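**Q** So the sequence shown is numbered by the working numbering: it starts at 7 and just counts up by one.
Following this message is one structure expressed as structure tokens.
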Amino acid sequence: MNNEIPIGSPIRTQAIINRYFVKAKKNLGQNFLVDLAAIQGIVQAAQIQPGDQVIEIGPGIGSLTEQLLIAGAKVFAYEVDDDLPEILNNELPKQINGVPIKERFELMMKDILQADFKEDLKDFFDLTKPIKVVANLPYYITTPIIFFLNESELNFASLTLMMQKEVADRLGAQPGSKAYGPLSIAVQIEMNVTEALTVKSTSFIPRPKVDSSVVVLTPLTQKPDVGDAKHFNWVVKMCFAQRRKTLNNNLKNLIPDAAERAQLIASLGVDARIRPEQLSIAQFAQIAAAIK
Ligand code: SAM
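Below, the structure written as structure tokens:
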């Protein structure tokens with residue numbers, strides 16, 4: 007097979023699958039992208055410029071990796087499937103724009119959730135400069151990865167992540183919508199959320215059962231004042247413990263005294279029967295501040 011045909015084109019992907027007897031591993035969330043337009047859509051959504059430092063989570067057989075490299079990025083990838091280094095080593099171009107691939111691509115065989123970014127990246131990236139994360143995520147750990155990246159102290163310029171559409175909708179959800187909840191709030195106190203494109207299940211081998219979306223998360227320059235984020239997120243989770251019940255009901259464990267609860271809810275300027283999904287981040291911050 008001609009190596010000039012991009013890895014992400016169906017014909018080249020199929021050739022790689024046949025050559026290495028690749029069987030997508032369900033337990034590792036493997037759904038390989040075979041849609042060049044979607045892959046390039048991800049690269050565009052991430053606004054990759056020559057010289058950008060990119061962490062890729064799960065390069066798979068390299069379809070997205072190759073396009074990131076062609077766009078000029080330096081890519082550090084985390085992968086856990088031991089069958090893939092041989093494929094990546096053989097199938098990714100040996101040179102990109104005249105530069106040996108070793109200078110532009112590094113693979114670390116490590117669970118992303120065990121990453122120690124500062125240590126892992128120190129010899130490959132300039133850590134004084136911002137880093138972009140780009141990934142077609144393994145869907146079985148989408149939320150843990152988002153929390154892990156959100157809590158990491160690395161200087162991120164943006165996170166461009168393909169995920170299940172349903173999770174993407176939760177990330178960007180606003181008060182009053184069904185999708186709005188602890189995940190939306192935990193992310194929105196730190197980052198701006200934009201849904202960049204949706205990708206059909208026919209763009210993957212094997213096809214996932216759900217639709218996918220690419221979301222771009224960028225750190226907020228002015229974060230809302232929610233006090234201690236851990237305490238705040240814990241209070242939010244408690245308020246949503248039974249999302250169909252009223253806020254008053256959910257607050258019973260946190261504030262056993264009924265009069266105290268009524269006073270707090272009144273101070274929010276809302277109806278006593280309000281449900282948690284109707285509250286804004288500022289109102290949750292008020293609740294968190296009242297609970298020690
Ligand atoms: N980037 C490729 C593509 O778009 O075709 C593959 C994407 S596939 C949805 C997810 C990738 O993440 C797989 O290569 C899988 O082996 C890898 N992966 C699964 N769990 C991982 C983990 N905990 N840490 C790093 N990579 C992981």
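From the three backbone atoms N, C-alpha and C, an ideal C-beta is built for every residue, glycine too.
No experiment lies behind these values; they were computed from the predicted model shown.
Should F111 and L160 be called a contact, given that it needs their Cβ atoms to be closer than 8 Å?
**A** Taking the first residue of the sequence shown as position 1, residue 111 is located at position 105. Taking the first residue of the sequence shown as position 1, residue 160 is located at position 154. Result no, Cβ atoms of F111 and L160 do not sit closer than 8 Å.
**Q** With H, G and I counted as helix, E and B as strand and the rest as coil, what does DSSP make of G19?
**A** Mapped onto the sequence shown, residue 19 falls at position 13. It should be pointed out that residue 19 corresponds to Thr in this sequence rather than to Gly. Of the three classes helix, strand and coil, the one that applies to T19 here is helix, per DSSP.
**Q** Is V220 closer than 8 Å to G78 when the C-beta atoms are compared?
**A** Indexing the sequence shown from 1 puts residue 78 at position 72. Indexing the sequence shown from 1 puts residue 220 at position 214. Against a cut-off of 8 Å, the Cβ pair of V220 and G78 comes out as no contact.
**Q** T204 to K171, Cα distance in whole Å?
**A** Numbered from 1 along the sequence shown, position 198 holds the residue referred to as residue 204. Numbered from 1 along the sequence shown, position 165 holds the residue referred to as residue 171. For T204 and K171, the distance between alpha carbons rounds to 7 Å.
**Q** Tell me whether I11, by its Cβ, gets closer than 7 Å to a heavy atom of ligand 1.
**A** In the sequence shown, residue 11 corresponds to position 5, counting from 1. Not under cutoff, so the answer is no.
**Q** Please identify the residue among N259, I195, S273 and I191 whose C-alpha is closest to the C-alpha of D228.
**A** Position 222 of the sequence shown, counting from 1, holds the residue named residue 228. It should be noted that the sequence gives Gln, not Asp, for residue 228. Among N259, I195, S273 and I191, the Cα nearest to that of Q228 is on I195.
**Q** Quick check on Q101: does DSSP put it in helix, strand or coil?
**A** Your numbering for residue 101 matches position 95 in the sequence shown. Strand, per DSSP.
**Q** Excluding the 5 residues flanking I23 on each side, which residues of the same chain have their C-beta closer than 6 Å to its C-beta?
**A** To locate residue 23, count along the sequence shown from 1; it is residue 17. Correct list: empty, nothing qualifies.
**Q** Say the cut is 7 Å; is the CB of D87 nearer than that to a heavy atom of ligand 1?
**A** Stepping through the sequence shown from its first residue, residue 87 is reached at position 81. At least one heavy atom of ligand 1 is nearer than 7 Å to the Cβ of D87, so yes.
**Q** Could you tell me which of L223, M244 and A247 sits nearest to E201, measuring between CA atoms?
**A** Position 195 of the sequence shown, counted from the start, is the residue given in the question as residue 201. Comparing Cα positions, the closest option is L223.
**Q** Report the option in L90, L34, N142 and Y186 whose CA atom is closest to the CA atom of F290.
**A** For this step, residue 290 is matched to residue 284 along the sequence shown. For the residues L90, L34, N142 and Y186, the minimum Cα distance to F290 belongs to Y186.
**Q** Give the C-beta separation of V82 and M114 to the nearest angstrom, bearing in mind that I take them to be a contact with Cβ-Cβ under 8 Å.
**A** Here residue 82 corresponds to residue number 76 of the sequence shown, with the count starting at 1. Here residue 114 corresponds to residue number 108 of the sequence shown, with the count starting at 1. Looking at the sequence provided, one finds Phe at residue 82 rather than Val. At roughly 7 Å, the Cβ-Cβ gap stays under 8 Å, so F82 and M114 are in contact.
**Q** Among the residues of its own chain, which have a CB less than 6 Å from the CB of A179, if the five just before and after it don't count?
**A** Residue numbering aside, residue 179 sits at position 173 when the sequence shown is read from its first letter. Cβ within range, chain order: A185, Y186 and S190.
**Q** Can you tell me whether I152 is buried or exposed, with buried defined as 16 or more other CB within 10 angstroms of its CB?
**A** Counted from its first residue, the sequence shown places residue 152 at position 146. By the 10 Å Cβ count, I152 comes out buried.
**Q** So, for F246: in the same chain, excluding its five sequence neighbours on each side, which residues have a beta-carbon less than 6 Å away from its beta-carbon?
**A** Locating residue 246 in the sequence shown gives position 240, counting from the first residue. Cβ neighbours of F246 beyond the five flanking positions: G187, P188 and P282.
**Q** If you count every other CB in all the chains shown that lies within 10 Å of the CB of P106, and 16 or more means buried, which is it?
**A** As a working mapping, residue 106 is identified with position 100 in the sequence shown. P106 comes out exposed.
**Q** Within 8 Å, do at least three Cβ pairs link the region 59-66 to the region 85-94?
**A** Cβ pair count under 8 Å is three or more, so yes.
**Q** Would you kindly work out how many angstroms separate the C-alpha atoms of G35 and S164, rounded to a whole number?
**A** On the sequence shown, position 29 is the one that residue 35 refers to. On the sequence shown, position 158 is the one that residue 164 refers to. Counting only the Cα atoms, S164 lies some 23 Å from G35.
**Q** For the putative contact between A30 and P212, defined by C-beta atoms under 8 Å, what is the C-beta separation to the nearest angstrom?
**A** What you label residue 30 is simply residue 24 of the sequence shown in a count that begins at 1. What you label residue 212 is simply residue 206 of the sequence shown in a count that begins at 1. Correct: roughly 5 Å between the Cβ atoms.
**Q** Could you check what DSSP says for A272 in three-state terms: helix, strand or coil?
**A** Your numbering for residue 272 matches position 266 in the sequence shown. Note: A272 maps to helix in three-state DSSP.
**Q** What first and last residue would you give for the alpha helix (DSSP H) that runs through A295?
**A** Locating residue 295 in the sequence shown gives position 289, where the first residue counts as 1. First-last of the alpha helix (DSSP H) with A295: I287 to A296.
**Q** Would you check if the distance between the CB atom of N156 and the CB atom of V193 is smaller than 8 Å?
**A** Position 150 of the sequence shown, counted from the start, is the residue given in the question as residue 156. Position 187 of the sequence shown, counted from the start, is the residue given in the question as residue 193. Yes, the Cβ-Cβ distance between N156 and V193 is below 8 Å.
**Q** Should E307 be labelled buried (16 or more other beta-carbon atoms within 10 Å of its own) or exposed?
**A** Only positions 7 to 298 of the chain appear in the structure, and residue 307 is not among them; the question remains open.
**Q** From K128, K80, L133 and T208, pick the residue whose C-alpha is nearest to that of K108; which is it?
**A** Taking the sequence shown and counting its residues from 1, the one referred to as residue 108 is at position 102. It is K80.
**Q** Apply the 10 Å Cβ neighbour rule to K138 and answer buried if 16 or more other Cβ atoms are within range, or exposed otherwise.
**A** The count along the sequence shown starts at 1 and reaches residue 138 at position 132. Around the beta carbon of K138, 16 or more other beta carbons lie within 10 angstroms, which makes this residue buried.
**Q** Answer yes or no: the CB of S219 versus the heavy atoms of ligand 1, is any distance below 7 Å?
**A** Here residue 219 is taken as the residue at index 213 of the sequence shown, counted from 1. It does not: the Cβ of S219 is nowhere closer than 7 Å to a heavy atom of ligand 1.
**Q** Where does the unbroken beta strand (DSSP E) through P225 begin, and where does it stop?
**A** Sequence index remark: in the sequence shown, residue 225 carries index 219 (1-based). Looking at the DSSP string, the run of the beta strand (DSSP E) that includes P225 is S218 to P225.
**Q** Should G233 and A295 be called a contact, given that it needs their Cβ atoms to be closer than 8 Å?
**A** Here residue 233 is taken as the residue at index 227 of the sequence shown, counted from 1. Here residue 295 is taken as the residue at index 289 of the sequence shown, counted from 1. Yes, they are a contact pair.
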